[in-house]
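The structure under discussion appears below in the form of structure tokens.
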Amino acid sequence: MKKHSTFMSYAFVVCSFLAITSCNTEDDSFEEEIALDLDDDQKLLQETAILFGKILSQPQNSSFLREAMESSSEDGDMISIGRLLNQDTGLMKTELENSKSYVVSKTANPIIEAFKNELASNLEIYPALRQKFESNNGDVLAKSSIQPNESFEYQLASQNLMLFYPYDPEYANDDRSVNEFMISYATLDDSPRNEIMEFDNGTQTRVIADQDNDFLDRNQVYVIVPIDDCDIPGRICTSTLLEANIYDNGLPGVDINPNGRLDIFASTDGLPTPINSPKIPLVNNYNHADFHEADITYFNIPRIKVNGTGWMGFGGTHQKLKFFRGTADGASVTVNSNGSITAAGNKYPIKDVRIKRKDVRNKKWININSSFDNDWDMRENAQAISVFSIHHISAEASTELTAKAGYKLENGVPKPFAEASGTVKITLKVGDAKWRSNQELSRKYVFANMVGNGKAPVSGKDPVVDNGVKYHVKQVGIVDFYFKGWYQDLTP
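Last residue of the sequence shown? That's 870 in my numbering, and every number before it is there in order.
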């Protein structure tokens, strides 16, 4: 998909979408035609937003929308176009699985009649929608009778779109007219900014140009958004939906794990289970050289926190992230002519996740509970953690990770050692993504900063309290995280 310029409104006032005539800009009943460089799919979203802006700004329809949203999603903040128009296509998984009843006859749904009337009267002002409808079924308006799957309702529902309402009630604003209704649409290249269109009782009144996610959170704006593949029945989803920590109230010092869960990663692949050798939690700061190569030092990331919506596209419902680590743990060890000793570098996925927008906006600690390294050996002197954000873009993002080996020569043979001996570069490529940040994490640094405020490269952050232990918070880009570590003594 081609990249769009920033979605600023090069708008001029017109009295209708069909012709340019003289009109009074002080008249509240004007409409604006938006001259943006949009491709066909983006125009479809824009016109859908205009269509529903006209329909849903009518009081009886907006009231119905609010009730329908409440019964359509867990958080009451989204509804598919299919559900809103009483169709059996274009539905979200939650709408199919939702235990709440949603039995509304078509005669009781005022939005359907308003939808039909608007398209029957004004289809010509929606060229992208008309092209989509007619490419599938010809001129529906000219037909004396149509099949259910030829209707405008079915055709639009089958585009797998939804209405999303990201507004944070914390920013309650009571000085707006009860009939004023704001709507926008997601940017398909995940640009962080777009226009907001305002309607009043069925009439478009103005366009607010070049707004960002903060505007959506602080103002009552509905957004037309493509349904994510993870929310469409039958689609492949590789991301794990993470839940916010239920004890995190946003206040510093609160214990987010008061019941003492161990947060040990379920997988034990490659991790021996010695007899009579208990796992000892690392709840102090240590010298990593005191933990021998023969022993097991296991590190887990129990929780992460994404600090705001800065990595999300405009109107996004979830933040999707992929985490990786790079390390010099290869079996092939090389003694270089300059005296350095290096090992082959490898990259490993940590987790592919998605997080609800509200939990990103509110900077909640999110339960990820993922293994970082089942046995962080001394030979892996420094690892790197990398994060990519996943988007609806046909692009490959890449980065180069730096990892360090830890060896010294003993009788001409490389042996694991507590100090760095050489550096290796590791190339990492991810599709449909934007690279966001890398962070080097030396073994020495991690062991020395298990708890407390810590030292550079990340210092000054309040520790996170987990089961009474004040763990040191680390950071990669806008993502905070912390390690839990365990030790098993296998030294003879």
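Every residue gets a Cβ at the ideal spot worked out from N, C-alpha and C, and that includes glycine.
Note that the structure is a prediction, hence the values are computed from the model and not measured.
Next on the checklist: So, at 7 angstroms on beta carbons, what are the nonlocal neighbours of T323 in its own chain, with the 5 sequence-adjacent residues on each side left out?
Outcome noted: The chain is shown from 379 up to 870; residue 323 falls before or after that span and cannot be answered.
Checklist entry - Does DSSP put G800 in a helix, in a strand, or in coil? => result strand
Checklist entry - Any chance the segment 421-436 sits against the segment 557-566, with 3 or more Cβ pairs inside 8 angstroms? => result yes
Item to check | Any alpha helix (DSSP H) of 4 or more consecutive residues that is wholly inside the segment 675-740 | outcome: 735-739
Checklist entry - Below 8 angstroms between beta carbons: does that hold for A798 and G784? => result yes
Item to check | Meets three-Cβ-pair contact criterion under 8 angstroms: the segment 690-709 and the segment 718-736 | outcome: yes
Checklist entry - Run through DSSP, which three-state label would I602 get? => result strand
Item to check | CB of L594 within 8 angstroms of CB of G693, strictly | outcome: yes
Item to check | In DSSP terms, what I457 is bridged to | outcome: L541
Item to check | C-alpha gap between H696 and I614, whole angstroms | outcome: 16 angstroms
Item to check | Under the three-state DSSP convention, the category F669 falls into | outcome: coil
Checklist entry - Based on Cα-Cα distance, which residue from V603, P630, D418 and F701 lies nearest to G855? => result F701
Item to check | C-beta contact flag for F766 and A811 at 8 angstroms | outcome: yes
Item to check | When P680, A622, G468 and N685 are compared against P611, the one with the closest alpha-carbon | outcome: G468
Next on the checklist: Buried or exposed for S710, going by 16 or more other Cβ atoms inside 10 Å?
Outcome noted: exposed
Checklist entry - Does the beta carbon of L819 sit closer than 8 angstroms to a beta carbon anywhere in chain C? => result Although the question refers to chain C, the structure presented lacks it and comprises just one protein chain.
Next on the checklist: Counting C-beta neighbours from all protein chains within 10 Å, is the total for K786 16 or more, i.e. buried, or is it exposed?
Outcome noted: exposed
Next on the checklist: Is the separation between the beta-carbon of I574 and that of F493 shorter than 8 angstroms?
Outcome noted: no
Next on the checklist: I believe D737 touches A622 by the beta-carbon criterion, under 8 angstroms. Please report the beta-carbon distance rounded to the nearest angstrom.
Outcome noted: 4 angstroms
Checklist entry - Can you name the start and end residues of the beta strand (DSSP E) that S749 belongs to? => result W743 to D751
Checklist entry - To which residues of the same chain is D867 closer than 7 angstroms at the C-beta, ignoring the five residues directly before and after it? => result S655 and D673
Item to check | For L620, the nearest candidate out of N579, P680 and V661 (CA to CA) | outcome: P680
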